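Chemist:
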Amino acid sequence: MEPPQGFWATLWNFICFLPYFIGLLILGTIKGAILCPLICLIVTIGNSAIILGLWPAHSIWTYYCILRAKFLGPVLKIVLCICISALLVLWPVVSIFGSIIGGAGYGLLAPIVSTFAAVEGGKSNAFYHCIYDGTLSTVKGSFTVVRDFMDVCFHSYFSVMDDLRLQVLPDGKRYEIRLLHLPGAIVVGLIGIMFDVIVITFVAIYKSFYMLFKGWHRLFHDLIGREGPFLETICVPFAGLAILLWPVIVAGAVLASMVSSIFLGAYASVIAYQESSVLFGLSYIITSLAMYDEYSNDVLDMPECSCFPRLQYRKKNPPSRTSSRTASISRPNSFSVPPSRSVSFQNSYIDLKPLELLDGLFSESKHQGEILIDEGLIKLQDLENCKSNKADNKVINLGLPTYCILQMLLRSIKANSEGLLLRDNTTEITSRNRPKDIVFDWFINPLLIIKDQIKARNLSDAEENYLRQLVLLHGNPERLKNSDLESSSDTELKRAELDGLARRLRGITRSISRYPTFKRRFDDLVSSLTEELAKKNSGSHSQHGSQSVSRTKSKFMRIISQKSFRNRASNQNPGEEDTEPVVVKDIDIV
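Residue numbers (UniProt numbering): 1 to 590.
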């Protein structure tokens with residue numbers, strides 16, 4: 001859909017579009033207003049029960065893991081226990097308040113978005129879907145939110161704390177705190193908080209007026225011309241609400257700046273402690289103001305300058321930014337050159353989303369799991385151990401996802417891909433289309449590094465097979481030991497290298513398993529594989545029964561044919577008598 005050209009065409013398009021937009025917005029708002037109290041109640045009650053129910057266990061286990069951590073020194077453990085007490089006290093209050101706000105926002109906005117999405121999917125009965133979509137799905141989604149939150153509080157939290165408790169530094173040393181530099185660092189941190197909060201709040205309020213009027217100007221211009229966020233109907237509710245709530249958004253930006261100034265100023269204590277110098281900590285306080293000023297100028301597309309100086313706050317000067325890096329980070333091209341407004345999200349938007357990549361991982365896990373079941377590498381006992389959360393269930397919950405990730409890496413290497421190639425061989429994750437999410441970078445960057453390491457080793461087919469089954473069967477070393485995989489590696493050095501790659505892959509998979517939606521979807525995958533294995537076993541039993549019947553019928557026919565042959569022989573030689581009678585026992589043929 002191209003934006004209209006000319007004033008009259010633009011005005012007519014706006015007049016035709018406005019009632020259409022208002023009608024959908026009113027309908028979605030009515031559904032949201034009806035469902036908002038119910039959704040907020042479900043999310044608040046569910047999350048609050050989880051928070052309050054697990055809070056004693058979280059508190060006790062947090063202190064236990066900190067005190068038993070092998071890489072923390074005794075003084076640092078005491079300081080962390082004191083500091084963590086404040087977080088444990090604030091956790092229930094902040095989490096319950098966030099559940100109330102999040103539940104209300106989800107209950108109000110989800111029906112509105114679904115109403116606009118109903119006219120974008122090309123559905124046959126758009127009027128029915130405009131009314132129905134976003135009602136039952138929102139209620140189900142609220143229970144899904146509670147389930148995912150429970151998985152995070154139960155599965156992900158204890159997994160992270162176990163890693164904290166069992167982690168050991170390579171050199172065997174411990175992190176310890178230097179008490180001599182601690183008082184100066186605390187004083188510098190308090191000064192940084194007070195100074196940064198005052199100055200950053202003043203700068204944020206000063207720039208908020210520019211943000212308010214410039215944002216309104218851009219949004220109204222896009223609304224009249226059906227451009228930018230108003231080009232696609234599914235994006236209209238967000239853009240329309242942005243016009244109405246733009247002052248609230250600006251006020252929220254000011255509030256966010258005030259909150260961030262607390263952490264920005266407190267980081268001065270870290271600088272002072274790391275550099276063992278109060279002067280460097282004070283220098284960072286001034287530099288942090290310049291950093292905020294330049295960043296806000298980039299966001300608001302204001303001139304690149306700052307009235308605050310940048311001082312040296314490290315003993316070693318940080319690497320100087322080149323002009324190209326300054327252009328891409330300090331002021332990205334997306335700010336200096338506005339994007340084309342005629343681009344359709346449905347046709348040209350190729351950026352991948354983290355949930356889409358998670359969909360690809362589970363699709364690959366289901367496909368590979370069915371293959372491994374057919375090959376006998378995944379057994380019923382593995383699935384039962386995974387369902388019962390036994391300690392020896394790593395073949396499924398850790399080995400299978402790691403196996404699929406390894407398959408993706410090997411497939412990308414063989415296809416000579418610069419990124420990661422998914423199973424359909426058409427979707428490729430590269431630096432251009434990967435999700436712009438720092439959390440996703442924690443996963444994609446190590447995978448690219450491991451891919452390069454595997455490619456550099458130029459593994460043979462036998463070594464690839466060894467590595468595949470090594471990552472799959474690590475949870476059950478007896479099965480790996482009893483197999484013939486040990487002879488696949490030529491030397492102990494090569495085997496050690498493959499073991500190291502397998503450990504790193506399992507570490508990445510363990511981190512991915514802490515993603516909020518992973519546990520729920522993985523349980524569905526295990527149930528699907530269990531059904532697949534049950535069908536295979538029932539099919540093998542029925543096939544075994546049919547084979548037994550076939551063998552019985554064959555035996556019976558062989559006896560009959562032997563008898564008829566002897567009868568024919570006796571007819572040809574009447575002088576000879578058949579002295580070996582044929583005895584046919586009772587045979588049950590099913």
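All C-beta atoms, glycine included, are put in the ideal place defined by N, C-alpha and C.
The structure displayed is predicted, hence computed values, not measured ones.
Tell me whether Y63 sits in a helix, a strand or coil according to DSSP, three-state version.
Modeler: DSSP places Y63 in helix when its eight states are reduced to three.
Chemist: Would you report the Cα separation of C305 and A462, rounded to the nearest angstrom?
Modeler: So the alpha carbons of these two residues sit roughly 59 angstroms apart.
Chemist: Does DSSP put I378 in a helix, in a strand, or in coil?
Modeler: Here I378 sits in coil by DSSP.
Chemist: Quick one: Cα of P19 to Cα of T517, how far?
Modeler: Each residue's Cα considered, the two are about 38 angstroms apart.
Chemist: Where does L473 sit, in a helix, a strand or coil, going by DSSP?
Modeler: Reduced to three states, the DSSP call for L473 is coil.
Chemist: For L136, which residues of its own chain have a beta-carbon under 8 angstroms away from its beta-carbon, when the five flanking residues on both sides are left out?
Modeler: So the list is empty, once near-sequence residues are dropped.
Chemist: Apart from the five residues just before and just after S261, which ones in its own chain have a Cβ nearer than 6 angstroms to its Cβ?
Modeler: Excluding positions up to five away in sequence, the list reads D196, V197, I200.
Chemist: Looking only at its chain, what residues have a beta carbon closer than 8 angstroms to the beta carbon of D293, apart from the 5 residues adjacent to it on each side?
Modeler: V203, S306, C307, F308, listed in sequence order.
Chemist: Is I200 helix, strand or coil by DSSP?
Modeler: Looking at I200 - three-state DSSP - the assignment turns out to be helix.
Chemist: Have a look at I449, I60, A290, K77 and flag the residue whose alpha-carbon is nearest the alpha-carbon of L67.
Modeler: When each option's Cα is compared against that of L67, the closest is K77.
Chemist: If I measure Cβ to Cβ from L372 and keep anything under 8 angstroms in the same chain, skipping five residues before and after, which residues do I get?
Modeler: For L372, where only same-chain residues beyond five positions count, the Cβ hits under 8 angstroms are I378, L400, Y403, L472.
Chemist: Around the C-beta of N567, are 16 or more other C-beta atoms found within 10 angstroms, so that it is buried, or is it exposed?
Modeler: The predicted position of N567 is uncertain, since its pLDDT is 47 and thus under 50; a value taken from the coordinates is nonetheless stated next. N567 comes out exposed.
Chemist: Out of curiosity, what's the CA-to-CA distance linking L289 and Y295?
Modeler: L289 and Y295: Cα-Cα distance of roughly 10 angstroms.
Chemist: Compare the Cα-Cα distances from D163 to each of S99, G23, I508 and report the closest residue.
Modeler: Comparing Cα positions, the closest option is I508.
Chemist: Between G184 and V278, is the Cβ-Cβ spacing less than 8 angstroms?
Modeler: Cβ distance < 8 angstroms, so G184 and V278 count as in contact.
Chemist: Whose C-beta lies closer than 8 angstroms to the C-beta of G73 among residues of the same chain, with five residues either side of it excluded?
Modeler: So the list reads R174, Y175, E176, I177, once near-sequence residues are dropped.
Chemist: So what does DSSP say about V582, is it helix, strand or coil?
Modeler: Because V582 carries a pLDDT of 39, less than 50, the predicted location of this residue cannot be relied on, and no value is offered for it.
Chemist: Using a Cβ-Cβ cut-off of 8 angstroms (strictly less than) and excluding sequence neighbours within five positions of E275, which residues of its own chain qualify?
Modeler: Correct list, in chain order: G281, Y313, R314, K315.
Chemist: Measure the C-alpha to C-alpha separation of N297 and V188 and round it to an integer number of angstroms.
Modeler: Spanning the two alpha carbons is a distance of roughly 27 angstroms.
Chemist: Roughly how many angstroms separate the alpha carbons of R506 and H155, rounded to a whole number?
Modeler: Approximately 17 angstroms, taken between the alpha carbons.
Chemist: Per DSSP, what are the beta-bridge partners of L54 in this structure?
Modeler: For L54, which the question treats as bridged, DSSP gives no partner whatsoever.
Chemist: Check for me: the alpha helix (DSSP H) holding N297 runs from which residue to which?
Modeler: Start and end: 278–300.
Chemist: Between D382 and the rest of its own chain, which residues show a CB-CB distance below 6 angstroms, the 5 nearest in sequence each way excluded?
Modeler: Excluding sequence neighbours, D382 sits near V395, I396.
Chemist: Cα-Cα, which of I193, F220, E497 is closest to S269?
Modeler: Checked all of I193, F220, E497; the closest Cα to S269 is I193.
Chemist: Check whether the Cβ atoms of G46 and V146 sit closer than 8 angstroms, and answer yes or no.
Modeler: Yes, the Cβ-Cβ distance between G46 and V146 is below 8 angstroms.
Chemist: For L422, name the three-state secondary structure that DSSP assigns.
Modeler: Reduced to three states, the DSSP call for L422 is coil.
Chemist: What residue from G252, R310, D523 has the CA that sits closest to T287's CA?
Modeler: The option with the nearest alpha carbon to T287 is R310.
Chemist: So what does DSSP say about I177, is it helix, strand or coil?
Modeler: It is coil, neither helix nor strand.
Chemist: Just the Cα atoms here: how many angstroms apart are D148 and H181?
Modeler: When rounded, the distance between both Cα atoms is 42 angstroms.
Chemist: Quick check: the Cα distance between P338 and H217, rounded to an integer number of angstroms?
Modeler: Interpretation of P338 is limited by its pLDDT of 42, a score under 50 that renders its predicted location unreliable; the figure taken from the coordinates is listed afterwards. One C-alpha to the other measures close to 15 angstroms.
Chemist: In the DSSP output, which residue or residues are listed as bridge partners for L164?
Modeler: According to DSSP, L164 bridges with nothing at all.
Chemist: Quick one: using the 10 Å Cβ neighbour count with 16 as the cut-off for buried, is D133 buried or exposed?
Modeler: D133 comes out buried.
Chemist: Could you compute how far the alpha carbon of S114 sits from the alpha carbon of S99?
Modeler: Between S114 and S99, the C-alpha separation is close to 22 angstroms.
Chemist: Would DSSP call L400 helix, strand or coil?
Modeler: It is helical.
Chemist: What does L245 pair with, by DSSP beta-bridge criteria?
Modeler: DSSP, once it has assigned bridges, lists no residue as partnering L245.
Chemist: Just verifying my parser: in three-state terms, what is the DSSP assignment at L72?
Modeler: It is a strand residue.
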